[in-house]
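> Protein chains in written order, with the numbering used here: chain A, 1 to 181; chain B, 1 to 957; chain C, 1 to 80. Every residue, glycine too, gets a C-beta built ideally from N, C-alpha and C. It should be emphasised that the depicted structure is a prediction, and the values quoted were computed from it without experimental measurement.
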Amino acid sequence: MHDHPAAATNANGFLPGPLGLRLDEAFLPLMALNGSPRNLDTLVAFGHYTEIKTSLCLRFSPDTVLISGDIPVGNWRMIDLSHGLTHLRLRGIEALHFLGHYTSANLHSAQLRDARAVRCRLNHYECAIWWATTRDVHILIERSLAQSFCDHLGALAQRHSGVDHLHSQRPVIPEAPDRRG
Amino acid sequence: MSRFSIGGLIDRDKTLTFTFDGVTMQGHPGDMLASALLANDRHFVARSLKYHRPRGIMSAGLEEPSALVTVTDAFGSMPNLKVTEVPLRDGMQVSSQNAHPSLERDRAAVFGLGSKMLSAGFYYKTFKWPKTGWAKTYAPLIRRAAGHGGIDPEPDRALYDKRRMACDVLVVGSGAAGLSAALIAAQSGATTVLLEQDHALGGALLGSMEQIEGMSAVDWVQDARAALSQLSNVTLKTRTLAFGQYDHCLIQAVEAPDEMTTKAILWKIRARRIILASGAIERPVVFAGNDRPGVMLASAVRLYIRRFSVGLGKCAVVAVSDVEERNDTVAALNEAGTKVVAVLDSDVQLVKTKGRHHLKMVIWRDSKGRRHRTPCDLLAMSNGWSPTAHLFAHMGHSLRFDVRTHSLLPSDSDGPLYPVGGARGVRDLVGCLQDGKAVAHHVMAELEMHKHLNLPRAMPTPAPTKRFQSATQTGFVDLQNDVTRADIAQAQAEGYDDVELTKRYTTLGMGTDQGKTSWTNGILEIAAFGNQTAGNVGHTTYRPPYSPVSIGALVGAEVDTEMIPIHRTPFHTDFARLGCVFQTSGHWLYSRYFPQADETMTEAVTRECKAVRQSLGCVDMSTLGKIDVQGPDALTFLSRMYCNAFAKLPIGRVRYALMLREDGYVFDDGTIARLAKDHFLITATTANAASVWRYMQKCAQIDWPDLDVTLTSVRDHWASLAIAGPNARDLLAALDPDFDIGRDAFPFAAVRQGHLGALPVRVFSVSFSGELSFEINTPAGFATALFDRVLDAGAKWNIVPYGLETLDILRIEKGHISVGTEIDGRRTPHDLGLDQLVSSQKHYVGRAMLERPNLKAQGRAHFVGLRSEDGHSPIPPAAHLCEAGMDSQGMAQTCGYLTAAVHSPTLDQPIALGFLDNGHARMGETLWAHSPVAGKSVRVRVGPVCAYDPRGDRLHA
Amino acid sequence: MLLIPCPYCGLRDESEFVYGGPARALPDMDAQTPEAQHSLYRPINPRGPLRELWYHSGGCECWITLTRNTITHEFEDDLS
């Protein structure tokens, strides 16, 4: 039973609309590690994430690291948050750009293109977002809001058309800064 | 048809069909509704607001004051759209407004004859008696007679959205200045967004015959467009209106996408610099009959001829104050084959026009005073230009009246928004190109993306020294609101001479166009009548939106279920399976009651209450705030946060706790559980969960940074199901706990961690219902497993799941306080009868302020219980407590009020809670509970708040 | 909509923040002095720079202290 907690949402497939985005929920065991900022810096820098083999570290707060996988030895206070934060994956060519239309932080800024992780608001929802590629975006959201959040993403996806000029392919001059992140 | 067979920026290969007032008409892609109507020889399209005068299409842009129509399409109808802002679509149904039964035979047109009757202030002076006259007679009459289009009563079926964007440089407007600025910014590598309200780039260039870099203006626009489209750092948005500037370089714009998936998108664009290239708006000449269909702004005439390839009349009079523009207008009319019968310079005076539904004649007086009557069907007029600097002014910068350009100009800007070109009074093409380029270079240097070139900026173009003088009192200044020179003169004469007062008194500059064509003329008239300079008149405040934005776009996707985020508990789907009725409670969707078969709510709630009192029930407690507190200073921290003493709280025990605000009033209540020496779990009420969490964070981070304490919100990690009732301990035993749950080993107010079978749990023996109760917490992903096991094992005792209604009745029977009803921000612990909780031995938040004399005073309102005196008359909710019956006027002196009133299924009688002045000293008194709303008065007896098991024996069973 | 310079997260949108009022010295929890009452009921409300608290709810979940000019909304805090 421990291995199979019930899902918090019905996210398991494609969102409506022509963008062809896929939203899935996957259980992510997460511990909150609290410690001094200097100690935590040895795991992951503030505002960044690291993923080494099966171990994931996320740091959105100066004195907390969210960690999945083996807990490194150190002077931490630990709290299990595995069930409190729901982990969603949004996949598709437009995944990050789609979210970027609605996030309070500019996902295409130089800072976030580098960090590829941020905790911000998406419309009325506070959530944490991180991505290795712009086509596969991970989202953490409070469990009690997760179903509402998934429904909201579905409602937003419906509002996009396949011919959004912002995203249509066009030639790029050499060395032009790429706003696509 | 007045469409020429060649020329213009329209696609003649395709034909779009639409109707105007039921008449089928044709246009082409590239047409605006205005150009399509004119191509079908339809000039007269509207009746004016007050006088119902025939009105035509005066302009070719968002400044249009007169030509408002209702457009119906697949999504429903939209009133008050300017024909100049609506791109033509196939199947569009267009209808005129404010005319009955038809435009041509409008009954209310008689108002036009005696227009003195409806002058400024007429309503205020005339309709003030009898007292009820306004509401009953005048207002309905006037509302029928005056106004615009009607709103569509059907729900809007279209989708809307709100999106965000960020960029280095935002360019508003795509005329010569905007395009040249965008090219520089884009080619220097800045992420650039170019917004154009029209569906085609080019702005005024689309009506220009001038050459740029050796090509025609239109070709140059296409060239610039192609250059910008190649760059991946550029976003071009047409049909996107930037309507407001806000703090820290935020521009809001509304886009009407070509494809109809979404009807409108509201863009919030955060730029680092904004270049405002919004051009200028032409000013009409003020004289009698300047509002007749066929009287048009000269720039609009040129644009309709050259861009839309539409002829506007057979013979035209040109009255343009600027020489070059005058010549260009004559040239355009010649291109269109329109005979120019008179070209008037500003030495002449326009007297009036004639014609019933369309212009037939212009009467003017030459410099020697001779009167001329020139028959014509088109008048192209212009008395100068007003820069469109609205977005500049939105941030509170005022515009100043500049004598040389004879217009309101933005002052020199030091960013982040820079007006360029027409928006700062530059009128000539070369100047606009140069200005856009110079400012773009300046901005790039500011952003450190380019070295500083310090290019010279173009100077604002001086206006011709002579302009057409206003004549006659009946000339319209504001066409949309039918404001004449006489109205403005009257406002000045009656003392409404401040510009803001003149606006309100005369309605000058109000309405959907917000005076885009009338404001500068209005200021000049105010100055003339008031014998002051235009510079001293000032201007009214410019506020967003620049042009009306549909409410749908402002709302975006936030309709129906998307209006606000909804929290669901981990038991939601389990409850839904049982047929639970949910209700929104704060931000939560919470179980309200669980009806069986055909039960009513009252029947279900009565059954649920009895089950809890007599055997066993279970209820979802997952919504409570839960904060994990760890660290060597955790006890000290909590001791300061809460007003009660718990320094000696043993590990494994729980204490009810009260949190005060700094001002001494009760903030929240909850429990503190000690899990280990330096590890606590506190609960907060559902309603205050977020504010308690925020406040605790503030105390830990800002107020007492010296305390070593770690706070973590674990609310959503735990599913919490309370089992309550005399059989609760038996059920707990049946769930296979791996810890001792005997009465002595697990007493009331304790916490145990362990397993129920394989389920990891924390169990708290606390009770809100007043029964023996255990709150079982398990990680949220195991909620279903817990619930299923509780229902299975509880079947033996006929366990009943219950919801918010029953929860509330049970707590009212016990006299437990609840946030929002009793904890309303004005109660001290003493008021609530909880002063025995308050420690006098320690420091805590709110202690000092709690000592204030008024908070200690005798006779404050106290929390009391009430029952109806006869034991059966229902007590009306929200009733007021009074010593006497109501007098003949329905009045009585109140001495308190009810916070809750229910029929107790357990006691089978009505009970209530409330606040009563000096209530603690009034036990046993009989009072009236009056409810004028319910029309009921009941005799009630004051008693203790706890109506059921006052000694609390049942908690310890 | 302001852009608020969070010392941890950088420039972020106002919608992520909760306003916490003017920053003030915490009065002694036992002191029932006029000064304590004033600081509670009559917070300073200057025309110009004001030290104030913001809670970055939609970001790092930290309380931060910033100086905002109440006339211009300019933040005087340097992010670097």
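1. What residue from B:Thr828, B:Ile651 and B:Ile812 has the CA that sits closest to glutamine 753 (chain B)'s CA?
2. Taking one C-beta from the segment 605-614 of chain B and one from the segment 682-689 of chain B each time, how about it: are there three or more such pairs within less than 8 angstroms?
3. Quick check on methionine 621 (chain B) - is its C-beta less than 9 angstroms from some C-beta in chain A?
4. Assign threonine 240 (chain B) to buried or exposed, taking buried as 16 or more other Cβ atoms, counted over all protein chains shown, within 10 Å of its Cβ.
5. Closer than 9 angstroms, Cβ to Cβ, to anything on chain C: give me those residues from the segment 37-53 of chain A, in chain order.
6. Comparing the C-beta of glutamate 104 (chain B) with each C-beta of chain C, is any distance below 9 angstroms?
7. Could you say which of B:Thr506, B:Pro726 and B:Arg485 lies nearest to leucine 524 (chain B) if we only look at CA atoms?
8. Closer than 7 angstroms between beta carbons: that is the criterion. Which residues of the segment 60-87 of chain A meet it against chain C?
9. Look up histidine 83 (chain A) in the DSSP assignment and say whether it is helix, strand or coil.
10. In terms of residues, what are the limits of the beta strand (DSSP E) holding cysteine 120 (chain A)?
11. Look at the alpha carbon of isoleucine 6 (chain B) and the alpha carbon of glycine 337 (chain B), and state the distance between them as a whole number of angstroms.
12. In this structure, does DSSP put tryptophan 385 (chain B) in helix, strand or coil?
13. Does the distance from the C-beta atom of leucine 913 (chain B) to that of threonine 784 (chain B) stay below 9 angstroms?
14. Looking only at its own chain, which residues have a Cβ that is under 6 angstroms from the Cβ of cysteine 946 (chain B), when we skip the five neighbours before and after it?
15. For leucine 3 (chain C) versus cysteine 432 (chain B), is the C-beta distance shorter than 9 angstroms?
16. Please report how far the alpha carbon of glycine 114 (chain B) lies from the alpha carbon of valine 403 (chain B), in whole angstroms.
17. Nearest CA to the CA of valine 86 (chain B): which residue from B:His199, B:Pro877 and B:Asp669?
18. Do we get a CB-CB distance below 9 angstroms when we pair valine 549 (chain B) with the residues of chain A?
19. If you draw a straight line from the alpha carbon of asparagine 644 (chain B) to that of alanine 700 (chain B), how long is it in whole angstroms?
20. What residue range does the alpha helix (DSSP H) around tryptophan 519 (chain B) cover?
21. Does alanine 848 (chain B) get closer than 9 angstroms to chain C when you measure Cβ to Cβ?
22. Who are methionine 215 (chain B)'s beta bridge partners in DSSP?
23. Kindly indicate the opening and closing residues of the alpha helix (DSSP H) around threonine 338 (chain B).
24. Should tryptophan 385 (chain B) and alanine 300 (chain B) be called a contact, given that it needs their Cβ atoms to be closer than 9 angstroms?
25. What's the gap between the Cα of alanine 892 (chain B) and the Cα of arginine 827 (chain B)?
26. Would glutamate 126 (chain A) pass as an interface residue toward chain C - the criterion being a Cβ-Cβ separation below 9 angstroms?
27. Between which two residues does the beta strand (DSSP E) containing phenylalanine 401 (chain B) stretch?
28. Can you pull the DSSP bridge partners for serine 931 (chain B)?
29. Name the residues in the segment 562-591 of chain B whose C-beta lies less than 8 angstroms from a C-beta of chain F; which are they?
30. If you follow the alpha helix (DSSP H) that phenylalanine 575 (chain B) is part of, which residue opens it and which one closes it?
31. Of the choices B:Lys437, B:Ser407 and B:Gln596, whose alpha-carbon is the least far from that of asparagine 536 (chain B)?
32. DSSP puts aspartate 24 (chain A) in a beta bridge; with which residues?
33. Does any CB atom of chain B fall closer than 9 angstroms to the CB of glutamine 147 (chain A)?
34. For lysine 136 (chain B), which of helix, strand or coil comes out of DSSP?
35. Kindly indicate which residue of A:Leu15, A:Ala7 and A:His108 has the alpha-carbon position closest to the one of alanine 155 (chain A).
36. Between the segment 262-281 of chain B and the segment 371-383 of chain B, do three or more beta carbon pairs fall short of 8 angstroms?
So, from the listed chains and residues:
1. B:Ile651
2. Too few Cβ pairs lie closer than 8 angstroms, so no.
3. no
4. buried
5. Phe46 and Gly47
6. no
7. B:Arg485
8. Phe60, Ser61 and Pro62
9. coil
10. 117-122
11. 13 angstroms
12. strand
13. no
14. Lys814 and Gly815
15. no
16. A caution first: glycine 114 (chain B) carries a pLDDT of 49, below 50, which makes its placement in the model unreliable, though a value can still be read off. Distance between the alpha carbons of glycine 114 (chain B) and valine 403 (chain B): 37 angstroms.
17. Comparing Cα positions, the closest option is B:His199.
18. no
19. 19 angstroms
20. Segment 519-530, the alpha helix (DSSP H) holding tryptophan 519 (chain B).
21. yes
22. B:Ile212
23. Careful: threonine 338 (chain B) lies outside any alpha helix (DSSP H) and carries neither H nor E.
24. no
25. 25 angstroms
26. yes
27. 399-402
28. According to DSSP, which records beta bridges pairwise, serine 931 (chain B) is partnered with B:Lys936.
29. The structure shown contains no chain F; its protein chains are A, B and C.
30. 572-577
31. B:Ser407
32. A:Asn12 and A:Arg89
33. yes
34. helix
35. A:Leu15
36. no
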